[in-house]
Amino acid sequence: MFHLKKLPMKKLIVFCLLISAVSVGYAKSNMAVLRSGDVFKVIYKGESPSRVHVLISNETGEEVFREDLTSNAGFIRPYNFSGLPNGNYSISVKDSDGEKIETVGYNEEKKVRSIDDNEWIAYIAQLSASENKFLVAVPKQGESNFSIQIFDPADQLVYSDEQKTNTHFGKIFKLKNCESGTTIRVTNHKTGETKAVKLN
Numbered sequence: 021m022f023h024l025k026k027l028p029m030k031k032l033i034v035f036c037l038l039i040s041a042v043s044v045g046y047a048k049s050n051m052a053v054l055r056s057g058d059v060f061k062v063i064y065k066g067e068s069p070s071r072v073h074v075l076i077s078n079e080t081g082e083e084v085f086r087e088d089l090t091s092n093a094g095f096i097r098p099y100n101f102s103g104l105p106n107g108n109y110s111i112s113v114k115d116s117d118g119e120k121i122e123t124v125g126y127n128e129e130k131k132v133r134s135i136d137d138n139e140w141i142a143y144i145a146q147l148s149a150s151e152n153k154f155l156v157a158v159p160k161q162g163e164s165n166f167s168i169q170i171f172d173p174a175d176q177l178v179y180s181d182e183q184k185t186n187t188h189f190g191k192i193f194k195l196k197n198c199e200s201g202t203t204i205r206v207t208n209h210k211t212g213e214t215k216a217v218k219l220n
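Letter by letter, the sequence shown follows residues 21 to 220 of our numbering.
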């Protein structure tokens, strides 16, 4: 984990099954930023191995942190903002397909629920509301045996995929013609824990 305070100031399918057709598109490289307490996790997913440049800047454009990574199609990197001034920060991830920038607000006085050490971690993050692009990511945490399921608004199962991995897992899905009420669910087969997101 990277403690930015120590650095000088100079990271679904959706698969909507309709009565008559299925329309699915796969996205190129993309990323999401999720927060837990003072830590912002950058989740990156690309289509092929590449050099990736991560840059974090404050609201005046001053560089806070930079690193260059070699990615084998994806990574999850935690960045600790504790000790940094409150404000807005830009997180830039640049690869051969272009640059994606997310702006995050940091307020050290804001209490955000911490993730329990024993809690199974899985993320479902919306990358683009206009294109209905979603990222499903499960960080490395021992051997994980889980399923990704998609239910239509009537709670009927329209897609199911099982995964067994002991490394970081991530997939980006681009949904087309999705209906409000479609649910994406990720379930741990060992513990029964479930993470779910319902599309508005």
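Built from N, CA and C at the ideal position, the CB exists for glycine as well.
Sort the options by Cα distance to residue i and report the nearest one.
i	options	result
Gln161	Pro173, Leu155, Glu139, Asp175	Glu139
Leu89	Arg71, Pro98, Asn100, Glu199	Arg71
Gly201	Thr187, Ala157, Ala216, Phe166	Ala216
Glu82	Ala145, Ser180, Ser164, Ile111	Ile111
Pro105	Glu213, Asn78, Gly57, Ile96	Asn78
Arg205	Phe166, Lys61, Cys198	Phe166
Ala174	Phe154, Gln183, Cys198	Cys198
His209	Pro159, Glu87, Tyr64, Glu163	Glu163
Tyr179	Gln169, Val74, Asn186	Gln169
Gly94	Val74, Arg86, Phe85, Val84	Val74
Tyr64	Glu182, Gln183, Gln146	Gln146
Val124	Ser56, Asp181, Gln183	Ser56
Pro159	Pro98, Glu122, Glu182	Pro98
Glu213	Phe85, Glu122, Ile141, Glu87	Ile141
My assumption, with CB atoms under 8 Å, is that residue i sits in contact with residue j. Please give the rounded CB distance.
i	j	result
Phe171	Thr211	No, Phe171 and Thr211 are not in contact; Cβ-Cβ is about 21 Å, not under 8 Å.
Gly107	Tyr126	6 Å
Gly66	Ser91	6 Å
Val113	Val59	Not really, about 17 Å apart at Cβ, beyond 8 Å.
Asn54	Tyr109	Strictly speaking, residue 54 in this sequence is Leu, with Asn absent from that position. Contact doesn't hold; Cβ gap of about 14 Å is too wide.
Exposed or buried, which one is residue i when buried takes at least 16 other CB atoms within 10 Å?
i	result
Thr207	buried
Ala52	buried
Ser68	exposed
Lys194	buried
Asp115	buried
Leu2	The structure shown does not extend to residue 2, since the chain is modelled only from 21 through 220, so no value can be given for it.
Given a cut-off of 8 Å on the beta-carbon distance, is the pair residue i and residue j in contact?
i	j	result
Asn152	Lys196	yes
Ile226	Asn50	With the chain represented from 21 up to 220, any question about residue 226 goes unanswered, as that position is not in the structure.
Ile76	His188	no
Leu219	Gly190	no
So, does the CB of residue i fall closer than 8 Å to a CB anywhere in chain C?
i	result
Tyr99	Here chain C cannot be found, since the structure has a single protein chain.
Going along the chain, which unbroken runs of the beta strand (DSSP E) with 3 or more residues stay wholly within the stretch 72-157? Fully enclosed beta strand (DSSP E) runs of 3 or longer: 83-91, 94-100, 107-115, 118-126, 143-148.
Counting only runs of 3+ residues fully inside the stretch 160-187, write out the beta strand (DSSP E) ranges in chain order. 164-171, 177-185
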